[in-house]
Amino acid sequence: MRRLISIGFIVLLLGLTTSARAGGTLRVCANPNDLPFSNRQGEGFENKLAQLLARDLGERVAYTWTEEHEHFIKKTINAGKCDVLLGVPTGFDEVDTTQPYYTSGYVFVSRKDHNLNLSSMRDPRLRALKIGVHVIGDDNTPPLEALARQGITQNIRGYMIFRDTQVKGHSRLIDDIAAGKVDVAAMWGPLAGYYAQHASAPLRVSPVADTASFAPVLFQYPIAVGVRKGNSRLREQLNAAIARHGSEIRKMLKRYGVPLLEPSPHAAG
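Take the sequence shown: its position 228, counting from 1, is numbered 228 in our numbering, and each next residue is one higher.
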């Protein structure tokens, strides 16, 4: 997954080096055009989280802006250009991760007036509906993998988000749902929830359920802060800050429309 959060492509990234932190500064590597997560104007929820964590540590935020790509980890945090990455799946093995600050999953999105009320990737109606999914380079997202396993391929429309530098790149799928060009989307919850709030027609966002049979493909992910391997002091400081501000973080995420889930035994981590 792109998150994906950046979940789709992040598992492809490699690299490990070490570097000292700049005193009094929490250095954050982030995408400058990646709402609802981050942007150069500081409007994303990861921008807000970075400010909250830095304030708790008595530090200021300094960004290294970079588009995400296969070598993102190697050329940013593991090259010493920043101290933290936000939005990392818990347990991602190229960095050390904090306790999760939220868990989310994949969702269905459709127009409310179409009354589809989908919840299962095995719903037989999916064979006849026009389905939109995000595509991340050559990597399958969980919904695309689940549909392909069932032989559902001819009625799928892919929307590339890996290497997408367009301002409205992430919103195109939601725009097409609202316009009736696609019947249903199966997409990462934080993207869906945020853009559904701003859609031109009322949309229904509902969690994808009934996914255990697609194991080892996962549809829920606990999301954490990543630090360079071995930086246990910073990780523990961030863990404490996340614990202290848990309620504030959840309220912030809800304002951005992020579907929040209780951690599942089938989630990554």
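C-beta: ideal position from N, C-alpha, C; glycine also.
Status (buried if at least 16 other CB within 10 Å, exposed otherwise) for residue i
{"i": "Arg204", "result": "buried"}
{"i": "Arg125", "result": "exposed"}
{"i": "Ala178", "result": "buried"}
{"i": "Asn115", "result": "exposed"}
{"i": "Gly230", "result": "exposed"}
{"i": "His170", "result": "buried"}
{"i": "Pro259", "result": "buried"}
{"i": "Thr76", "result": "buried"}
{"i": "Pro202", "result": "exposed"}
Proximity of residue i and residue j at Cβ, strictly below 9 Å
{"i": "Gly158", "j": "Gly132", "result": "yes"}
{"i": "Leu85", "j": "Met252", "result": "no"}
{"i": "Asp175", "j": "Ser206", "result": "no"}
{"i": "Cys82", "j": "Val135", "result": "no"}
{"i": "Ala186", "j": "Val95", "result": "no"}
{"i": "Ala148", "j": "Asn155", "result": "no"}
Nonlocal neighbours in the same chain, by C-beta distance under 7 Å from residue i, ignoring five residues either side
{"i": "Thr98", "result": "Ala224, Val225, Arg235, Leu238, Asn239 and Ile242"}
{"i": "Glu59", "result": "Gly24, Thr25 and Leu26"}
{"i": "Pro32", "result": "Asn39, Arg40 and Trp65"}
Element boundaries [beta strand (DSSP E), containing residue i]
{"i": "Leu85", "result": "Val84 to Pro89"}
{"i": "Phe214", "result": "Per DSSP, Phe214 belongs to no beta strand (DSSP E) and is neither H nor E."}
{"i": "Ala186", "result": "Val184 to Trp188"}
Close beta carbons around residue i, own chain, < 8 Å, minus the five adjacent residues each side
{"i": "Arg122", "result": "Gln150, Asp210 and Ser213"}
{"i": "Arg250", "result": "Tyr102 and Leu260"}
{"i": "Asp34", "result": "Gly44, Glu68 and His170"}
Reduced DSSP category for residue i - H, G, I as helix; E, B as strand; rest coil
{"i": "Ile242", "result": "helix"}
{"i": "Asn47", "result": "helix"}
{"i": "Leu260", "result": "coil"}
{"i": "Ile131", "result": "strand"}
{"i": "Asp34", "result": "strand"}
{"i": "Gln220", "result": "strand"}
{"i": "Leu57", "result": "helix"}
{"i": "Gly226", "result": "strand"}
{"i": "Leu203", "result": "strand"}
{"i": "Phe108", "result": "strand"}
{"i": "Arg96", "result": "Arg is not the amino acid found at residue 96; the sequence shown has Asp there. Here Asp96 sits in strand by DSSP."}
{"i": "Ile152", "result": "coil"}
{"i": "Tyr101", "result": "coil"}
Extent of the continuous alpha helix (DSSP H) to which residue i belongs
{"i": "Arg157", "result": "Per DSSP, Arg157 belongs to no alpha helix (DSSP H); it is in the beta strand (DSSP E), Ile156 to Met160."}
{"i": "Leu173", "result": "Arg172 to Ala179"}
{"i": "Phe72", "result": "Phe72 to Lys75"}
Cβ-based neighbour list, residue i, same chain, cut-off 6 Å, excluding 5 preceding and 5 following
{"i": "Pro100", "result": "Thr90, Pro222, Ile223 and Ala224"}
{"i": "Tyr256", "result": "Pro36, Phe45 and Tyr194"}
{"i": "Ala183", "result": "The question names Ala, but residue 183 is Asp in the sequence shown. Closer than 6 Å at the Cβ level, and outside the excluded window around Asp183, lie Leu129 and Lys130."}
{"i": "Asn47", "result": "Ser38"}
Below-9 Å beta-carbon distance, residue i vs any chain B residue
{"i": "Leu49", "result": "The question asks about chain B, but that chain is absent: this structure has only one protein chain."}
Check: residue i C-beta below 8 Å from any heavy atom of the ligand SAH
{"i": "Phe214", "result": "No copy of the ligand SAH appears in this structure; indeed no ligand is present at all."}
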